[in-house]
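Engineer: Those protein sequence lines, which keep their order, are chains V and C. Number 924 in the working numbering belongs to position 207 of the first sequence; there are no gaps in the numbering. Number 838 in the working numbering belongs to position 121 of the second sequence; there are no gaps in the numbering.
Number of protein chains: 2
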Amino acid sequence: MSVTIKDVAKEANVSVATVSRVLNKKSNVSEEAVRAVNAAVEKLGYSPNFLGRDLRKSETRRILAIIASTEQSFYSDVIRGMEAAAFAQNYDVLIATTHDDPNHEMHLLGMLFSRAVDGAVLLGPKLDANTINQLAQKHNIAMCLERLDNCNVLTVTIDNVKAGRDAVNYLIRKGHRKIGLITTIQRSQSSIDREIGYKLALKDNNIPFVEDYVYYGGYETEQGMRGCEHLMNLPSPPTAIFSISDIIAIGAMNYALSKGYRIGKDLVFMGFDNISYSHMFVPHLSTVEQPCYAQGKLVIEKLIENMKSPNPDHNLYTLPHSLVLRDSTGD
Amino acid sequence: MSVTIKDVAKEANVSVATVSRVLNKKSNVSEEAVRAVNAAVEKLGYSPNFLGRDLRKSETRRILAIIASTEQSFYSDVIRGMEAAAFAQNYDVLIATTHDDPNHEMHLLGMLFSRAVDGAVLLGPKLDANTINQLAQKHNIAMCLERLDNCNVLTVTIDNVKAGRDAVNYLIRKGHRKIGLITTIQRSQSSIDREIGYKLALKDNNIPFVEDYVYYGGYETEQGMRGCEHLMNLPSPPTAIFSISDIIAIGAMNYALSKGYRIGKDLVFMGFDNISYSHMFVPHLSTVEQPCYAQGKLVIEKLIENMKSPNPDHNLYTLPHSLVLRDSTGD
DNA sequence: CTAAATCGTGAAAACCTTTTCAATATAACA
DNA sequence: TGTTATATTGAAAAGGTTTTCACGATTTAG
C-alpha cells in the first residue's frame, strides 16, 4: 500500500541496503547511487517508516515530557529549554499531560517502558518516590522543577528552602515582622520546602512562628483571595504576605485591592515563579524567579548523558533562583 | 538484553503466539494458558515493545497535537477536549511545539509521514494552505481553532466573522459609535475574520469605518497598551475598544487604568478568548468565549472517523461562540 | 458411533528498517 | 605481473510483534 524502501530500491535499481546507506548518509556509496536513490525517493515521495527504523535501532530519539497540564503557562519556558537541549542532539521532545492523575502518569510512562520513547522527564510527578525510584532503575527517567524526598532519580530543580528563606528574609529586612504565608494543602515538595524556608527566615530573625499566619488553600487565584481575607481578618493581621505561587499572590492582591489596602505600603506581597502574566497586573508583583529555561535545558542534557552511560552518583542539580522586586513590595 | 515476548513464552511454556493472544485478550485461549502467561509476565516484568507491535499493526494509536507553544494557557482546554475524545477510543494525545517556525512544523509532521503517529492536529499552523492541502491528501491531518482560506482539510473552528460582528454589535447596542479595534499585524485567519466582523457590524449600523480606529500590533500585552495609547490620543478617541484577544485587551485596559479612565463607563472594553486568567483582573473583562473543549473533542472525533473512512465532502465544522459580559462593558 | 464443527495451539510469515558479512571490482603497490 | 588494500555492493539476518494457516484434540450433532 504505502511506499517502502523496497520500492525505492527497485526504482533506483539498487539494493535496499544501498538505499538505506544513502538515506543515512553513510560514506561508502558511489555518487551515482546517491543520485539514483535521491531521484527515486523524490519521485515516489518516500519517507522512511520510523517504526521499522526505530525497532531495528532500538532507539526513537524522542523524549517525553510529562506535565500536569498545559494550563500553567509557567511550564513553557522549561519546555523551551528542554527542546533546545534535545534538538542539539537530534532528539525530539513530546509533551503529554496527566491532569494530576497518577494512574494516567503511569500510563504515559508506559510509552517509555514500551520503547515508544527513549526517556521521560517528570515535571511535578504525582507518583510516589518509591515507585519512581523503582521504575528509574530500569528506565531513563528524570525529574525537573520538583524534587521528591527519598528519591535518588536524576533531578534538576532549585533550592526551594533557600528560595523561601530569601524571599521572607527580604520582607523582614524591609521592616516587616508580621508575615503571612499562603500555601497549598496539596503537599508538593516545593510547597513544603518553601514553607520550611519561611520558618527558617523567621528563626533567623528571632521572630516567633505564628500558626495563624499560615493559610492552606489551593493553587487557584480564588484561594489566594480567600487566604488574604483570612489573614487580614486576624486580630493582628500581617503586614506582608508571601505566597508560594504568583497565581495565588495575584488573588491575594486582588482581595487587598478590593478592600482598599495600599499595596506596597500598607501591605506588601511576594509571589513565586515570575509567570509571564505577572507584569500585566497593576500593581506589579514582586516574586521569586526560578531559571525555567536553564532547568529544562540541563535536565535533558543530563538525561541524555545518563542514557549513554548511567551515573548513579551525582543526580541532584540545584540551580540558582533570584528575587524580582517590583511594586508589590514597594520597590 | 531486554525481556521479550519470546522470554515470556519460554517461561510460560507456550508459544509466542499464545502469549500475544493473552496479551491482546483474544478469546480463544485456555484459562490455563492465560494464568501461565500472566504469571510469566509478572515474574519477568515484561512490557511489550510497541515498536514491534506498531510496526506489525501499522498503527500507533497516538495522535500528535501541534501547537505554537504551551505559553498560551488558552490551548489547555482544547487539549483536554482532544484527550477526552482520544482516550474514549484508546488513543493517546501527544503535544509538540513549533514556536511559529514553519520548518519545525514540517519536521514535526514528519512524525506523521513516518508513521510515528497515526494523525496530527494543527492548532494555528504556520504552513500555507497549499502545502497543507497537499499533505492532507496522503496523511491524516486536521485543523482546530484556526481555519485556513482555500484549505479543504478537516477543520473545527468557530465563525470568527460572526463572533467579531456579534461583539461589536453588542458595543453598538450599548450606544457606542466610536469603536476602536486592536488587532495584530500577523495575519492569522482568525484575526482577519474578526476584523471583517468588526467592519460588518459597523456597516450593519451605518457607522462609517474609520481607518485610524484600527491599530495593528502584536499578540503581547504591551502591544495592547500601545494600541490603547494610540487610540486614545486620536483627536476624536473611541469610547469602546474591541481587541482580538484577551491578552491584548488586558494590556489596553492597563493603559486606560493608568490614565484614569473609568473602565465600563468612560471607556468600554471587549476581549476575545475568555482566558482563565481574565477573571483575575479587576475590572473583569467582557469577552467572546469560544468552546475550546468542544472544539478539541470534535476535531479528534472527526479525525479518527476520517482515519477509518475518509469523507472529503464535509470537512468544516463551525461551533457556536458566546458573549461573556462583565465589568469592562459596564455589565 | 461416525461425521462435522469447535477449540486451542504452534510454526512461520509479515511488517520495514539497519547492519553484518561476504563478494566483486577496482586501485595501489612491489 | 602478481599481490594486497580499498571501494561498492547485495543478500540475508536481526529487531519484536501480530496474524494467518494448519493441525490435532475435543465436543457437538445426527
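Even glycine gets a Cβ: it sits at the ideal position worked out from N, Cα and C.
Kindly give me the distance between the Cβ atoms of S1045(C) and I964(C), rounded to whole angstroms, as I take these residues to be in contact under 8 Å.
Structural biologist: The residue labelled residue 1045(C) in the question sits at position 328 within the second sequence. The residue labelled residue 964(C) in the question sits at position 247 within the second sequence. No, S1045(C) and I964(C) are not in contact; Cβ-Cβ is about 14 Å, not under 8 Å.
Engineer: Note down, one range per segment and in chain order, each beta strand (DSSP E) of at least 3 residues found wholly within the region 860-921 of chain C.
Structural biologist: 872-875 and 896-901
Engineer: Under a three-way DSSP split, which group does R778(C) fall into?
Structural biologist: Residue mapping note: residue 778(C) aligns to position 61 of the second sequence, counting from 1. Here R778(C) sits in coil by DSSP.
Engineer: Tell me the rounded alpha-carbon separation between A853(V) and T777(V).
Structural biologist: In the first sequence, counting from the first residue as 1, residue 853(V) sits at position 136. In the first sequence, counting from the first residue as 1, residue 777(V) sits at position 60. So the two alpha carbons sit approximately 19 Å from each other.
Engineer: How many angstroms separate the CA atom of T874(V) from the CA atom of I889(V)?
Structural biologist: Sequence index remark: in the first sequence, residue 874(V) carries index 157 (1-based). Sequence index remark: in the first sequence, residue 889(V) carries index 172 (1-based). Distance between the alpha carbons of T874(V) and I889(V) is about 26 Å.
Engineer: Under the rule that 16 or more other beta-carbon atoms within 10 Å means buried, what is F926(C), buried or exposed?
Structural biologist: As a working note, residue 926(C) is residue 209 in the second sequence. F926(C) should be labelled exposed.
Engineer: Using the C-alpha atoms, what's the distance from F767(C) back to S905(V)?
Structural biologist: Counting from one through the first sequence, the residue named residue 905(V) turns up at place 188. Counting from one through the second sequence, the residue named residue 767(C) turns up at place 50. Going from the Cα of S905(V) to the Cα of F767(C) covers about 33 Å.
Engineer: By Cβ distance, which residues of its chain are closer than 6 Å to N877(V), with the 5 residues on each side in sequence left out?
Structural biologist: Taking the first sequence and counting its residues from 1, one reaches residue 877(V) at position 160. Within the same chain, N877(V) has close Cβ partners S907, D910 and R911.
Engineer: Taking a contact to mean a Cβ-Cβ separation below 8 Å, would you say I961(V) touches T901(V) in this structure?
Structural biologist: Mapped onto the first sequence, residue 961(V) falls at position 244. Mapped onto the first sequence, residue 901(V) falls at position 184. It is a contact, given that the beta carbons lie within the stated cut-off.
Engineer: Does chain C have any CB closer than 8 Å to the CB of N847(V)?
Structural biologist: Sequence index remark: in the first sequence, residue 847(V) carries index 130 (1-based). Cβ-Cβ to chain C under 8 Å: no for N847(V).
Engineer: Apart from the five residues just before and just after F1085(V), which ones in its own chain have a Cβ nearer than 6 Å to its Cβ?
Structural biologist: Summary: the structure shown does not reach residue 1085(V), with chain V confined to residues 718 through 1048, and so no result is reported for it.
Engineer: Is the separation between the beta-carbon of T848(C) and that of M997(V) shorter than 8 Å?
Structural biologist: On the second sequence, residue 848(C) is found 131 positions in, with the first residue counted as 1. On the first sequence, residue 997(V) is found 280 positions in, with the first residue counted as 1. No; because the gap between Cβ atoms is not below 8 Å, this pair is not in contact.
Engineer: For D809(V), name the three-state secondary structure that DSSP assigns.
Structural biologist: Residue 809(V) sits at position 92 when you count from the first residue of the first sequence. Here D809(V) sits in strand by DSSP.
Engineer: Using the rule of at least 16 other Cβ atoms within 10 Å of the residue's Cβ for burial, across every protein chain shown, is S793(V) buried or exposed?
Structural biologist: The residue given as residue 793(V) occupies position 76 in the first sequence. Buried.
Engineer: When the distance is taken between beta carbons, is V739(V) closer than 8 Å to V1016(V)?
Structural biologist: Within the first sequence, residue 1016(V) is the residue found at index 299, counting from 1. Within the first sequence, residue 739(V) is the residue found at index 22, counting from 1. Not a contact, by the Cβ cut-off of 8 Å.
Engineer: Among M942(C), H893(C), S975(C) and H856(C), whose alpha-carbon lies nearest the alpha-carbon of L871(C)?
Structural biologist: What you label residue 871(C) is simply residue 154 of the second sequence in a count that begins at 1. Checking every option, the nearest Cα to that of L871(C) belongs to H856(C).
Engineer: Give every residue of the same chain whose Cβ lies closer than 8 Å to the Cβ of P765(C), excluding the five residues on either side of it in the sequence, and list them in chain order.
Structural biologist: For this step, residue 765(C) is matched to residue 48 along the second sequence. These residues qualify, in order along the chain: I722 and L740.
Engineer: Where L862(C) and A833(C) are concerned, what is the direct C-alpha to C-alpha distance, given to the nearest angstrom?
Structural biologist: Within the second sequence, the letter at position 145 stands for residue 862(C). Within the second sequence, the letter at position 116 stands for residue 833(C). If I take the Cα positions, the gap works out to 24 Å.
Engineer: Please compile the residues from chain C whose C-beta is within a distance smaller than 9 Å of the C-beta of Y808(V).
Structural biologist: Numbered from 1 along the first sequence, position 91 holds the residue referred to as residue 808(V). Correct list: empty, because the minimum Cβ distance to chain C is about 12 Å.
Engineer: Tell me the rounded alpha-carbon separation between P1008(V) and C945(V).
Structural biologist: As a working mapping, residue 1008(V) is identified with position 291 in the first sequence. As a working mapping, residue 945(V) is identified with position 228 in the first sequence. C-alpha separation (whole angstroms): 28 Å.
Engineer: Would the region 818-834 of chain V count as touching the region 1022-1041 of chain V if we require 3 or more Cβ pairs under 8 Å?
Structural biologist: no
Engineer: State the start and end residues of the unbroken alpha helix (DSSP H) segment that holds Y792(C).
Structural biologist: Counted from its first residue, the second sequence places residue 792(C) at position 75. Counting along the chain, the alpha helix (DSSP H) containing Y792(C) begins and ends at Y792 to F804.
Engineer: So who's on the other strand from V754(C), going by DSSP bridges?
Structural biologist: On the second sequence, position 37 is the one that residue 754(C) refers to. According to DSSP, V754(C) bridges with nothing at all.
Engineer: Go through its chain and collect everything with a Cβ distance to K1014(C)'s Cβ below 6 Å, but skip five positions before and after it.
Structural biologist: Residue mapping note: residue 1014(C) aligns to position 297 of the second sequence, counting from 1. So the qualifying residues of the chain are G798, A801 and A802.
Engineer: When the Cα of G836(V) is compared with those of N1023(V), E1006(V) and A785(V), which residue comes out closest?
Structural biologist: Residue numbering aside, residue 836(V) sits at position 119 when the first sequence is read from its first letter. Comparing Cα positions, the closest option is N1023(V).
Engineer: Considering only the alpha carbon of each residue, which of L951(C), R779(C), I924(C) and S732(C) lies closest to I1021(C)?
Structural biologist: Numbered from its first residue, the second sequence carries residue 1021(C) at position 304. Proximity to I1021(C) across L951(C), R779(C), I924(C) and S732(C) peaks at R779(C), based on C-alpha coordinates.
Engineer: Starting from F830(V), find everything on chain C with Cβ-Cβ shorter than 8 Å and list it in chain order.
Structural biologist: For the purposes of this step, residue 830(V) is identified with residue 113 of the first sequence, where counting begins at 1. What F830(V) touches in chain C: S764.
Engineer: May I ask you to report which of helix, strand or coil DSSP gives A726(C)?
Structural biologist: As a working mapping, residue 726(C) is identified with position 9 in the second sequence. In the structure shown, A726(C) sits in a helix (DSSP, three-state: H, G or I).
Engineer: Buried or exposed: where does E928(V) fall if 16 or more other Cβ atoms within 10 Å of its Cβ makes it buried?
Structural biologist: Residue 928(V) sits at position 211 when you count from the first residue of the first sequence. By the 10 Å Cβ count, E928(V) comes out exposed.
Engineer: Using the C-alpha atoms, what's the distance from V731(C) back to V758(C)?
Structural biologist: On the second sequence, position 41 is the one that residue 758(C) refers to. On the second sequence, position 14 is the one that residue 731(C) refers to. Each residue's Cα considered, the two are about 12 Å apart.
Engineer: Taking Cβ positions only, does L844(V) come closer than 8 Å to chain C?
Structural biologist: Numbered from 1 along the first sequence, position 127 holds the residue referred to as residue 844(V). Taking Cβ atoms only, chain C never reaches closer than 8 Å to L844(V), which makes this a no.
Engineer: When the Cα of I896(C) is compared with those of Y936(C), G934(C), L844(C) and M949(C), which residue comes out closest?
Structural biologist: For the purposes of this step, residue 896(C) is taken as residue 179 along the second sequence, with counting starting at 1. For I896(C), the nearest C-alpha among the options comes from M949(C).
Engineer: Taking beta-carbon pairs under 8 Å, can you tell me which members of the region 992-1011 of chain V lie near chain C?
Structural biologist: Among the residues of the region 992-1011 of chain V, those with a Cβ less than 8 Å away from any Cβ of chain C are S993, Y994, H996, M997, F998 and V999, in the order of the chain.
Engineer: Candidates M987(V), F804(V), R752(V) and D724(V): which alpha carbon is nearest G881(V)'s?
Structural biologist: Here residue 881(V) is taken as the residue at index 164 of the first sequence, counted from 1. Looking at the Cα atoms, M987(V) is the closest of the given residues.
Engineer: Please identify, using Cβ separations under 9 Å, the residues of the region 961-981 of chain C that lie next to chain V, in order along the chain.
Structural biologist: I964, I967, G968, N971, L974 and S975
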